[in-house]
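Numbering (this note's numbering), first residue to last: 356 to 936. Built from N, CA and C at the ideal position, the CB exists for glycine as well. If you're wondering where the values come from, they're calculated on a predicted model, not measured in any experiment. Data first, discussion second: the structure below is written as structure tokens.
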């Protein structure tokens with residue numbers, strides 16, 4: 356079937372499964388019909404600049420934004436994998452954020468530049484149609500309280516947006532100040548990685564009177580301060596104290612009497628009797644309850660006996676008959692941990708670090724033993740101790756951290772890799788068995804697009820692992836975390852591998868600057884290259900920009916480079932695709 360024979364409606368439906376980057380790369384400039392369909396798609400679905408290449412970003416700014424800017428419903432910005440100084444480039448081209456007046460959804464990732472933060476602050480009052488706002492991994496703790504020229508702190512500007520209903524804040528080591536203005540529109544609020552001495556939930560809820568769902572995570576010994584009056588609007592509450600010594604205070608829950616859904620992730624171990632008392636006394640409307648608790652037991656404790664005692668508190672009629680809430684307990688003797696959680700498992704991450712001894716209160720455990728919520732799986736187990744691991748299965752992991760070699764049990768708990776898009780492989784050494792397992796895994800992961808290899812002691816083993824392995828979907832390869840750099844001979848071998856022929860983004864540590872030029876010349880589909888260069892001459896013998904100037908001279912006429920930048924010994928090159936490919 357010829358692609359152009361498909362109806363516009365079907366093509367637009369297919370476009371929804373592709374990123375902005377892939378759409379521009381594949382369809383822009385084919386003909387006027389596809390250009391029109393791209394324009395129509397962007398007016399419905401918005402623009403995603405989180406992993407876009409410079410040349411595609413420039414194409415959008417040149418060909419689409421002039422007529423699209425006041426129609427875009429969603430905008431996603433990031434400087435992690437996208438062009439450097441992306442927002443400044445938007446402003447330089449005349450596309451300041453305050454011109455996106457129809458914006459309903461606005462997402463920002465991995466941003467820390469103070470000038471950029473100021474631009475966001477000043478643009479917010481103009482985004483009056485905004486309903487969804489997300490700030491993820493943005494270092495904005497101090498800036499949240501910063502006062503803008505209109506006289507309002509940033510957090511008050513957010514709370515003043517008239518149509519805003521959902522806010523998502525993931526602020527590494529950030530402090531989240533309480534607003535001083537009331538938002539009657541915000542119904543869903545997510546505040547993660549709070550690093551305050553005091554989290555003033557009472558005041559936060561007071562200025563968000565129609566809040567229905569609240570999620571938060573605490574990362575230090577934070578005092579959770581609550582008001583002494585009920586908050587009847589909240590029906591869904593999630594809290595994580597997993598990386599904190601802060602304990603969940605049961606009295607917090609008593610001020611939210613209408614909670615129908617509760618999700619808790621913490622280090623404090625509450626048994627079935629404790630939870631029954633809290634629920635019976637304070638949460639009469641609770642219907643859905645998920646928890647995950649971790650406990651480090653004493654050296655003299657017997658984990659099997661401790662697990663059985665704990666499970667017995669969850670076997671009463673209150674749990675099994677009245678609510679049909681079942682729990683599972685996994686003990687890990689190699690780490691001295693006990694995990695207890697509700698079934699089915701309701702969290703997006705799971706880690707296996709050793710032999711697990713498992714028991715459950717579920718009478719039909721195989722029917723409820725579902726882990727389909729798990730999107731991120733860590734498997735770091737010595738094969739020799741895996742023979743008696745629990746019989747769980749992960750059917751939908753999207754990200755995986757894996758230490759080679761593995762044993763047969765790994766393949767039994769991960770029966771399918773159809774959803775896997777990102778893989779991080781670690782190994783102390785590479786032998787024939789590791790290579791065989793690596794190739795088998797890749798052959799079963801048809802949608803894998805990002806690969807990171809961490810091999811200690813010898814970068815040459817990484818080359819051995821990649822050579823002879825074909826995987827057409829992998830576009831991003833990260834070799835930058837190896838313990839030593841790639842020499843010239845290893846770079847030559849790497850550039851001839853099937854991976855190198857299809858790779859679009861590469862992160863690598865090289866020992867000689869000449870290897871940078873060789874990789875650019877020999878990898879035809881390469882669009883972004885991040886290189887940590889271990890110079891072959893002392894750094895003090897040349898100026899800060901000497902390496903950049905040298906690369907421009909060496910690569911003149913070889914590839915149409917878009918941008919070369921340097922931070923310390925790391926060089927970033929972005930280039931157009933070779934016209935010959």
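(1) Residues in its own chain within less than 6 angstroms of residue 876 by CB, not counting five upstream and five downstream?
(2) Alpha carbon to alpha carbon, how far is residue 631 from residue 725?
(3) Between which residues of its own chain and residue 490 is the CB-CB distance below 6 angstroms, once the five residues before and five after are set aside?
(4) Suppose you measure from the CA of residue 928 to the CA of residue 817; what does that come to, to the nearest Å?
(5) Please classify residue 473: does DSSP put it in a helix, a strand, or coil?
(6) Among 799, 453 and 383, whose alpha-carbon lies nearest the alpha-carbon of residue 476?
(7) Using the Cα positions of residue 771 and residue 606, report the straight-line distance between them to the nearest angstrom.
(8) Find the nearest neighbour of residue 572 within the set 586, 557 and 549, judged by alpha-carbon distance.
(9) Mapping the DSSP letters down to three states, classify residue 768 as helix, strand or coil.
(10) On the DSSP bridge assignment, give the partners of residue 568 in chain order.
(11) Within 10 Å of its beta-carbon, does residue 384 have 16 or more other beta-carbons around it, so buried, or fewer, so exposed?
(12) Thinking residue 758 and residue 735 are a contact (beta carbons under 8 angstroms), I'd like their distance in whole angstroms, please.
(13) Only counting the same chain, and skipping five residues up and downstream in sequence, which positions put a Cβ closer than 6 angstroms to that of residue 891?
(14) Going along the chain, which unbroken runs of the beta strand (DSSP E) with 3 or more residues stay wholly within the region 663-746?
(15) Is residue 877 near the ligand FAD, in the sense that its beta carbon is under 7 angstroms from a heavy atom of that ligand?
(16) Quick check on residue 795: buried or exposed, where buried means 16 or more other Cβ atoms within 10 Å of its Cβ?
(17) So within the region 368-447, which uninterrupted beta strand (DSSP E) runs reach at least 3 residues, ignoring any that extend past its ends?
(18) Using a Cβ-Cβ cutoff of less than 7 angstroms, which residues in the same chain neighbour residue 423 once the five nearest sequence positions on both sides are dropped?
(19) For the region 606-624 against the region 669-682, do three or more pairs of beta-carbon atoms, one drawn from each stretch, fall closer than 8 angstroms, so that the two count as touching?
(20) Would you kindly work out how many angstroms separate the C-alpha atoms of residue 504 and residue 641, rounded to a whole number?
(21) Would DSSP call residue 605 helix, strand or coil?
(22) Going by beta carbon distance, what residues of the same chain come within less than 6 angstroms of residue 852, once the five residues before and after it are set aside?
(23) What separation, rounded to the nearest whole angstrom, lies between the Cα atoms of residue 869 and residue 708?
(24) Taking only runs of the beta strand (DSSP E) that begin and end inside the region 815-890, which ones reach a length of at least 3 residues, in chain order?
(25) Alpha carbon to alpha carbon, how far is residue 887 from residue 484? Give it in angstroms, no decimals.
(26) Are the beta-carbon atoms belonging to residue 696 and residue 644 less than 8 angstroms from one another?
(27) Look at residue 402 and residue 367 and say whether their C-beta atoms are less than 8 angstroms apart.
(28) If we count the other Cβ atoms within 10 Å of its Cβ and call it buried at 16 or more, is residue 768 buried or exposed?
(29) What whole-angstrom Cβ distance do residue 608 and residue 637 have, given they're in contact under 8 angstroms?
(30) Cα separation between residue 703 and residue 733?
(31) For the candidate residues 628, 560 and 884, whose alpha-carbon lies nearest to that of residue 585?
(32) What residues match up with residue 646 in a beta bridge as DSSP calls it?
(33) Which residues in the same chain have their Cβ closer than 7 angstroms to the Cβ of residue 517, if we skip the five residues on either side of it in sequence?
(34) Go to residue 926, then tell me how far its beta strand (DSSP E) extends in each direction, as first and last residue.
(35) Which of the three DSSP states is assigned to residue 548 in this structure?
(36) Mind reading off the beta-carbon distance from residue 836 to residue 807? Whole number of angstroms is fine, and I expect it under 8 angstroms.
Concretely, from the data shown:
(1) 913
(2) 24 angstroms
(3) 463 and 524
(4) 22 angstroms
(5) Of the three classes helix, strand and coil, the one that applies to residue 473 here is helix, per DSSP.
(6) 453
(7) 43 angstroms
(8) 549
(9) helix
(10) 543 and 591
(11) So residue 384 counts as exposed.
(12) 5 angstroms
(13) Residue confidence is low: residue 891 scores 48 on pLDDT, short of 50, so the model does not pin down where it sits. No coordinate-derived value is stated.
(14) 681-687, 692-698, 704-707, 712-715 and 731-734
(15) Looking at this structure, you won't find the ligand FAD or any other ligand, since it has none at all.
(16) exposed
(17) Segments of the beta strand (DSSP E) lying fully in the region 368-447: 402-404 and 429-433.
(18) The answer, listed in chain order, is 394, 397 and 398.
(19) Too few Cβ pairs lie closer than 8 angstroms, so no.
(20) Confidence is the limiting factor: at residue 504 the pLDDT is only 47, short of 50, which leaves the residue's position unreliable, though a coordinate-based value still follows. Approximately 45 angstroms, taken between the alpha carbons.
(21) helix
(22) 821 and 822
(23) One C-alpha to the other measures close to 41 angstroms.
(24) 831-833, 860-865 and 883-888
(25) 43 angstroms
(26) no
(27) no
(28) buried
(29) 5 angstroms
(30) In this structure, the straight-line span from the alpha carbon of residue 703 to that of residue 733 is close to 11 angstroms.
(31) The residue with the shortest Cα to Cα distance from residue 585 is 560.
(32) 619
(33) 483 and 540
(34) 925-930
(35) strand
(36) 7 angstroms
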